[in-house]
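Asker: Here our numbering = 1-based position in the sequence shown + 7. For each residue, glycine too, the CB sits at the ideal point set by N, CA and C. Model, not experiment: these values are computed from the prediction.
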Amino acid sequence: MTRILMTSPPIYGHLVSVVAVAGGLVARGFDVDVLTGAKYRGLVTRAGARFLPLPREVDYDDADLDAFLPGRANHTGLAGLRHDMIGMFARVVPGQDAALTQALAAGDYVAVIGDVAFGGTMPLLLRSRDDATRRAQRPLVLGLSSVPVTMTSIDTAPFGLGLAPAPGVLGRARNRVLNRLVNDVLLREVDVALAAALCTCGITTAHPRFFDAAALFDGLFQLSTSGLEYPRRELDGRVAYLGPLPPVPRGDLPLPDWWADLDAGTPVVHVTQGTIDNHDPARLIVPTIRALAGSAVTVVAATGGRDVAEVLAHFPEGLPTNARVAEFLPYDALLPRTAAMVTNGGFGGVQQALRHGIPLAVAGATEDKPEVAARVAWAGAGIDLRSGAPKPARIRAAVDRLLRDERYRRGAQRLQGEIAAAGDPFDAIAARVCEHARARVA
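1) Kindly identify the DSSP beta-bridge partner or partners of T350.
2) Specify whether the region 305 to 315 and the region 33 to 50 touch according to this definition: at least 3 beta carbon pairs, one from each stretch, less than 8 Å apart.
3) My output table needs one value for T159: the three-state DSSP class, helix, strand or coil.
4) Please report how far the alpha carbon of G462 lies from the alpha carbon of I390, in whole angstroms.
5) Return the CA-CA distance between A180 and R216, expressed in angstroms with no decimal places.
6) Would you call the CB atoms of D162 and P238 closer than 8 Å?
7) Buried or exposed, going by whether 16 or more other CB atoms sit within 10 Å of the CB of V39?
8) What first and last residue would you give for the alpha helix (DSSP H) that runs through I436?
9) Hey, would you say T295 sits closer than 8 Å to V349, going by beta carbons?
10) Just to confirm, are V119 and T14 a CB contact at a threshold of 8 Å?
11) From the DSSP output, in three-state form, read off A333 for me.
12) Note down the Cα distance separating V197 from G418, rounded to an integer number of angstroms.
13) If we ignore side chains and look at the alpha-carbon of each, how far apart do S152 and A267 end up?
14) Once DSSP output is grouped into helix, strand and coil, what is the label at F322?
15) Using 8 Å as the threshold, is the C-beta distance between A221 and V293 below it?
16) Where does R290 fall in DSSP's three states?
17) Could you round the C-beta distance between G234 and E425 to whole angstroms and report it? I think they count as a contact, below 8 Å.
18) Could you tell me how far apart the beta carbons of A70 and V33 are, in whole angstroms, since I believe they sit closer than 8 Å?
19) Report the CB separation of T4 from D287 in whole angstroms; it is logged as a contact under 8 Å.
20) In the structure shown, what three-state DSSP assignment does G150 receive?
21) If distances are taken between C-alpha atoms only, which option among V246, T159, S160 and I210 comes closest to T128?
22) In three-state terms, what does DSSP make of G389?
23) First and last residue of the alpha helix (DSSP H) that includes Y248?
24) If you draw a straight line from the C-alpha of M95 to the C-alpha of A45, how long is it?
25) Which term fits K398, buried or exposed, when burial requires 16 or more other beta carbons within 10 angstroms of its beta carbon?
26) With the cut-off set at 8 Å, would you say N190 and T159 are in Cβ contact?
27) Identify which residue in V192, I436, L223 and L299 has its Cα closest to the Cα of A29.
28) Taking the beta strand (DSSP E) that F228 falls in, what are its first and last residues?
29) If you draw a straight line from the C-alpha of V332 to the C-alpha of V307, how long is it?
30) Check whether the region 127 to 147 touches the region 221 to 230, taking contact to mean three or more Cβ pairs, one atom from each stretch, closer than 8 Å.
31) Going by beta carbon distance, what residues of the same chain come within less than 7 Å of F166, once the five residues before and after it are set aside?
32) Using the DSSP secondary-structure output, state which residues sit across from G121 in a beta bridge.
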């Protein structure tokens with residue numbers, strides 16, 4: 008049986024895609040191990056894969072990052088991004104590398120498939136980059152990306168700024184200046200920390216910056232569609248766009264008693280803050296409900312696991328009559344009924360909406376969310392609200408535009424068509440691994 012090793016940092020937003028791919032490969036007859044944090048042992052084994060633990064010194068609870076990164080609460084904005092990148096992704100590289108090296112020594116793996124945020128694959132790839140013999144001896148190493156493409160390009164502004172491409176000579180000049188500013192000044196500490204971590208692993212040669220590390224992989228599987236990604240001349244076919252992973256049916260979720268209201272004929276507007284950055288519903292869910300109160304739509308909010316009472320507490324007078332709230336809702340049943348979506352910019356949720364041709368208003372402010380918001384607007388599939396906590400008036404204006412201006416729906420439907428044409432992502436990954444396995448024994 009063909010063996011595959013998959014790797015992920017212990018962060019649910021990254022691991023969930025890795026585990027989904029692991030389950031898809033197990034169902035296709037592969038023997039799959041997953042190297043990640045102890046908290047997620049059950050998630051891995053339920054997918055049919057074998058769990059391999061990260062060393063304790065590089066394992067952490069993604070729900071309590073302050074415990075792993077003391078002082079994290081004191082860093083915000085760009086300083087917070089630097090602090091997180093250094094602590095969660097750079098300094099952990101030696102421990103991840105040691106665990107990966109140990110796993111490879113113990114198992115005959117045909118391929119390693121690593122989430123792009125798992126820096127432990129960098130030493131493996133750098134050791135063999137200029138050594139054909141070592142490259143032939145190691146497994147195929149593929150990247151798996153559930154976030155927008157981060158790689159630096161003359162055609163785009165640096166990742167994280169949320170800026171769409173600007174055309175022509177002036178646009179490229181802008182990008183040169185911003186790339187130099189971000190890479191050589193604002194995020195220089197991250198590169199220094201990564202260099203120190205790689206040195207600990209015995210790597211002293213030149214290496215790419217963290218956001219460019221995906222270029223080292225033998226191939227990169229991007230879990231999105233090319234129509235939602237900026238063109239970059241540097242990619243040159245290295246990225247395989249597989250489309251988003253298919254949603255997992257949630258037949259176990261009971262439908263709320265108000266479910267029939269969604270078939271009453273008024274447009275349904277869904278609002279979500281995802282399952283991670285959802286501790287404060289006043290950032291997006293509450294202002295969306297207030298914004299659309301009294302309008303001819305039905306607002307459906309999902310708290311992502313938070314108690315519904317946290318939303319109701321903001322409405323002592325009672326919810327508006329056109330609002331409905333639940334902790335979780337089955338997307339396979341909700342999205343076909345949805346006319347527009349207001350979201351905090353989680354990449355997976357955005358693409359599930361686009362799978363159904365739903366135009367979006369995106370309120371991204373943290374992590375990769377500003378980049379997601381900018382891409383949705385650039386692709387013509389929605390509106391970038393340019394704030395993580397937009398005012399009700401701004402939300403209402405955006406939703407009105409989404410419902411009235413057919414250009415947004417056409418943009419979303421164009422991406423819907425691309426997603427439908429992408430085929431089965433699990434089959435594409437399996438085919439690449441099998442191709443390498445056949446070449447190895449030829």
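Answerer: Based on what the coordinates show:
1) T279 and V369
2) Counting C-beta pairs with one atom in each stretch, the region 305 to 315 and the region 33 to 50 have fewer than three that are closer than 8 Å, which means they do not touch.
3) DSSP places T159 in coil when its eight states are reduced to three.
4) Outside the modelled stretch of the chain, which goes from 8 to 449, sits residue 462, for which no answer is possible.
5) 21 Å
6) Contact: yes.
7) buried
8) P432 to V448
9) yes
10) yes
11) Strand, per DSSP.
12) 37 Å
13) 37 Å
14) coil
15) One thing to note: A221 has its Cβ no nearer than 8 Å to the Cβ of V293.
16) It is helical.
17) Indeed, because the Cβ distance is near 5 Å, the residues count as touching under 8 Å.
18) Contact doesn't hold; Cβ gap of about 27 Å is too wide.
19) What is shown of the chain runs 8 to 449, which leaves residue 4 out entirely.
20) strand
21) Ranking V246, T159, S160 and I210 by Cα distance to T128 puts I210 first.
22) strand
23) It is not in any alpha helix (DSSP H) - Y248 instead sits in the beta strand (DSSP E) that spans V246 to Y248.
24) Between the alpha carbons of M95 and A45 lies a distance of about 16 Å.
25) exposed
26) yes
27) I436
28) G226 to Q229
29) 6 Å
30) yes
31) T157, F218 and E378
32) T14 and G150
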